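Its first residue numbered 277, the sequence shown is counted upward by one per residue in the numbering used here. See below for the structure under consideration.
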Amino acid sequence: MKQILIVLCLATQVGMGQQATGVSLVPRPASMKMGSGSFRLRDGAVICYVAQSAATARYLADLLATQGVRTRLSKKRVPHAIQLRAATGGKPGSYSLLSSKDEIVISGTTDGLFYGVQTLLQLLPTKSVARKQTLLVPAVRIDDAPRFSYRGMHLDVSRHFFPATFIKRFIDYLAQHKMNTFHWHLTDDQGWRIEIKKYPLLISKGAFRNGTIIGRYPGTGNDNQRYGGFYTQREIRDIVKYAEQRHITVIPEIEMPGHSSAAIAAYPWLSCFPDRETVIPTHPSSGSQLVHGKKVQETWGVFEDVFCAGNDSTFGFLEDVLTEVMSLFPSRMIHVGGDECPKVNWKECPKCQARIRAEGLADEHALQSYFIQRIERFLNAAGRTLVGWDEILEGGLAPNAVVMSWRGEAGGIAAARQRHQVIMTPQKPVYFDQSQSKNEDSLVIGGFNPLESVYAYEPVPAELDSAQAGFILGAQANVWTEYMSSPKKVEYMIFPRLSALSEVLWSPKESRDRADFERRLPALFQRYDHQGTRYSTAFYDLKASLLPAAGGGLLWKLESREPTGLIKYTVDSAGREMLYNEPVPVRGSGRLSARLYMAGKPMSSVSATIRFSRSTGRAVTITAVPNEKYPGQGGAFSLVNGIYSNKGLSFPDWLGFVGDDLVATIDLGTRDTVRSVRMHTLDQNGSWVYLPAYVDVAVSDDGVNFRSVGRSSEFVKDTLTMGFVPVSFTAVGARYLRVTAKNYGLIPTGKPGAGNKAWLFADELIVE
Ligand code: TNX
């Protein structure tokens, strides 16, 4: 009877956005109805459990204790308690949660109960509460179940190493988001991170490198710091158990046959050429320049020294390693990498060539396929399933393999059509090493995967029919850590994108609602703050643009996607902060900065250094159309908007031309005296970008008849790759200027991209 009454007093269906109700759950439950009133969770509250929910009851009690609420566990059912009840027959992960002023009842499958508890924890207030205070749980009815059976997050611990304490924190984050798989990338070129008893050198040698490149690849040097770390088998067992208690499966990855420099550094006989010295393509540390032989890599990328596929002892080694790995990880799936394996050494290696002949293989791609299939037979015999990156499709898929599609979705689609299970991890949008912000100011690998595109991701490709779609187990985000050297950086890169991904994987497709998710973001940020989690606020990035002002000069326009936010700005660093209402007139050189405040808290900022010259804000036209990837900001106006790049190619102001000349005509508005034009440009031959053959300046009074006054092919650098082509001439009076930057032409032989048309870049024409 009581149950019925509770259900009756539960009112409004929540479809309009959970925020309005004060409830903000991520991932959004399949169905939720708000009731009225709330359950008062006090110190001394009772959690009633049954055998099936005992572990989850203890977990909840521990977490509530950290919130200042001590609870008592009871096997006996008592009134006014939190009840954790078993339900049978539901879909894995399903649960229901019913809260009223009288009690809280969660029932579900074993993992469902755990997810119900996660939901309950999110119903609690996020503000810090004093000890022994009452927590209010709003009355609600939730019926929930996951959409996908595979909800994964990956973490690379080779490029940078993270201590076991952080791995547990990472696992806690996954648990909060109802994710169920942690893909632990344990080995790579830059460090072997798992203790293997039979091969002790893997950690004593393979887990440490002599140094790490500084800055973005190819980097500016080497820090010469010995760097490394590993997990003992004891730590691993502990972590696997910790994850299991949170209903998370840990899938270990042991990379083969490529990305194996660290293993080869420990045991050179794993290489096709044990006596050849390891090549560190850029900036080897001074320490490693002194030692000869095999080395753990110190820079990022793909390396040619890989496991020898001709030598049987390679397979003996890998089987020994995998035997220990399987004893540590009970997961059905074991990941063996398989990606980015150059075939250069195999082509040259007599043993690999002998293997190709003996096995009747077509080529080195077929040899890679042989390699993976041989390892698959070993894993299958032990009752395990092999997972690999989508390169394992090349040369023929191992019969039972699961494919992780990372180079887009094509690999996943092909595998599903071959009736293989697939996990979607496409670079766009679920590589969380790519930036979330257009104004990224930390060092990241590049690319742009904003929160919106993660939220919009659909793991089941439209190309598949419903039977094929059944092979898509789910999706996963990958966290490659070349540019993440601390746990805080990892958090900054994964949040809030992990929250968006969790909704993609958990919530029913029909109920995914971007506007609603966006309304829940502030509450989500509050929760991150509450638990001390670092996150990116890039979603609220201010959009700044420079526009021509009527009558000369510029207008600085600021836009925010958050209508309730306040924008404040300053002109020059000493200036006072002013409230932004409308585009700000800019009449001279200086520094502009602005911040967005939400609920009094600074959320995002932008700044620009304006350098005024006679061309600034003037009318400008260009003849050739820039390449669509480098259209500048406001097209040709980029050339006279008073700003130019201080961070190389990744600056949005560039106009880029493939093969074409830049011909720009500037109208100074009135006749003026000019004596020089400087063009800011880029010299980066490795990216096919060349300086112009020359820059010519012509002047005119009528905008029709021009005469050339100067020409130059000088280049004055202001950074490693950027600088000015200055054209000076005798002072001349003119209203119109025509600047012609002659494209370099074809890329010369011996240079990257030889024979192709050179790129020409310009982002400012400074007229004095
Ligand atoms: C490609 S994804 C890799 C990794 C890099 C990553 C950087 C994959 C299978 N291989 O080795 O860390 O790109 O985004």
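No residue lacks a Cβ here, since even glycine has one placed at the ideal position from N, Cα and C. The model shown is predicted, which means the values in this text are computed figures rather than measured ones.
Endpoints, alpha helix (DSSP H) assigned at residue i
i, result
"Thr395", "Thr386 to Leu399"
"Lys765", "Pro763 to Ile770"
"Phe593", "Asp588 to Leu604"
"Gln644", "Glu640 to Ala657"
"Thr342", "Ala330 to Thr342"
Extent of the continuous beta strand (DSSP E) run through residue i
i, result
"His956", "Leu938 to Leu958"
"Gly986", "Arg983 to Ser988"
"Cys324", "Ala321 to Cys324"
"Leu673", "Element bounds for Leu673: n/a, residue is neither H nor E."
"Asp972", "Val971 to Ser976"
"Leu931", "Leu931 to Val934"
"Phe315", "Ser307 to Leu317"
"Leu360", "Ile358 to Ala362"
"Thr701", "Here Thr701 belongs to no beta strand (DSSP E), and DSSP marks it neither H nor E."
Whole-angstrom distance between residue j and residue i, CA atom to CA atom
i, j, result
"Ser681", "Gln752", "10 Å"
"Gln509", "Ala519", "15 Å"
"Ser480", "Phe506", "9 Å"
"Arg788", "Ala776", "10 Å"
"Ser711", "Glu767", "13 Å"
"Phe315", "Gly808", "27 Å"
"Leu967", "Pro824", "28 Å"
"Gln573", "Glu553", "12 Å"
"Thr350", "Ala321", "Note that residue 350 is Ser in the sequence shown here, rather than Thr. So the two alpha carbons sit approximately 10 Å from each other."
"Glu716", "Ser881", "11 Å"
"Leu643", "Gly671", "8 Å"
"Met609", "Val698", "12 Å"
"Tyr759", "Lys309", "43 Å"
"Glu379", "Gly388", "19 Å"
"Phe484", "Thr463", "12 Å"
"Val901", "Asp1039", "14 Å"
"Leu818", "Arg837", "8 Å"
"Tyr335", "Asn922", "51 Å"
"Ser762", "Ala440", "13 Å"
"Pro557", "Glu624", "20 Å"
"Leu284", "Leu374", "Caution applies to Leu284, whose pLDDT of 32 falls short of 50 and renders its modelled position unreliable; the value that the coordinates give is listed next. So the two alpha carbons sit approximately 12 Å from each other."
"Gly659", "Leu546", "26 Å"
Distance cut-off 8 Å: residue i Cβ against heavy atoms of ligand 1
i, result
"Gln752", "no"
"Trp468", "no"
"Tyr707", "yes"
"Gly1021", "no"
"Gly388", "no"
"Arg417", "no"
"Asp615", "yes"
"Arg435", "yes"
"Gln703", "yes"
"Trp682", "yes"
"Asp581", "no"
"Glu758", "yes"
Beta-carbon contacts of residue i that lie in its chain and below 6 Å, excluding the five residues immediately before and after
i, result
"Arg427", "Met455, Asn456, Gly750 and Leu781"
"Val860", "Trp832"
"Pro1028", "Gly962"
"Thr899", "Val939"
"Glu667", "Gly614 and Asp615"
"Ser307", "Asp419"
"Gly876", "none"
Residues near residue i by beta carbon distance below 7 Å, same chain, minus five either side
i, result
"Leu236", "One cannot answer for residue 236 here, as it falls past the ends of the chain, which runs 277 to 1044."
"Ala974", "Phe982, Arg983, Ser984, Val985 and Arg1014"
"Cys628", "Cys548, Cys584, Ala585, Gly586, Trp622 and Leu643"
Contact set for residue i: own chain, Cβ-Cβ below 8 Å, skip 5 residues either direction
i, result
"Pro626", "Gly586"
"Gln909", "Ser821, Leu822, Asn917, Pro928 and Asp929"
"Asn656", "Leu662 and Asn676"
"Pro878", "Arg871 and Leu872"
"Gly684", "Pro702, Gln703 and Lys704"
Quiz item: Just checking, does the stretch 835-851 make contact with the stretch 867-882 on the three C-beta pairs under 8 Å criterion?
Solution: yes
Quiz item: Between the stretch 725-734 and the stretch 928-937, are three or more C-beta pairs nearer than 8 Å?
Solution: no
Self-check item: Cβ pair count under 8 Å reaching 3, the stretch 524-533 against the stretch 446-458
Solution: yes
Quiz item: Counting Cβ pairs closer than 8 Å, one from the stretch 888-896 and one from the stretch 824-837, do we hit at least three?
Solution: yes
Self-check item: Given 8 Å, three or more beta-carbon pairs between the stretch 944-951 and the stretch 1011-1027
Solution: yes
Quiz item: Just checking, does the stretch 486-501 make contact with the stretch 555-570 on the three C-beta pairs under 8 Å criterion?
Solution: yes
Exercise. Would you be able to state if there are at least three C-beta pairs under 8 Å between the stretch 409-418 and the stretch 729-739?
Key: no
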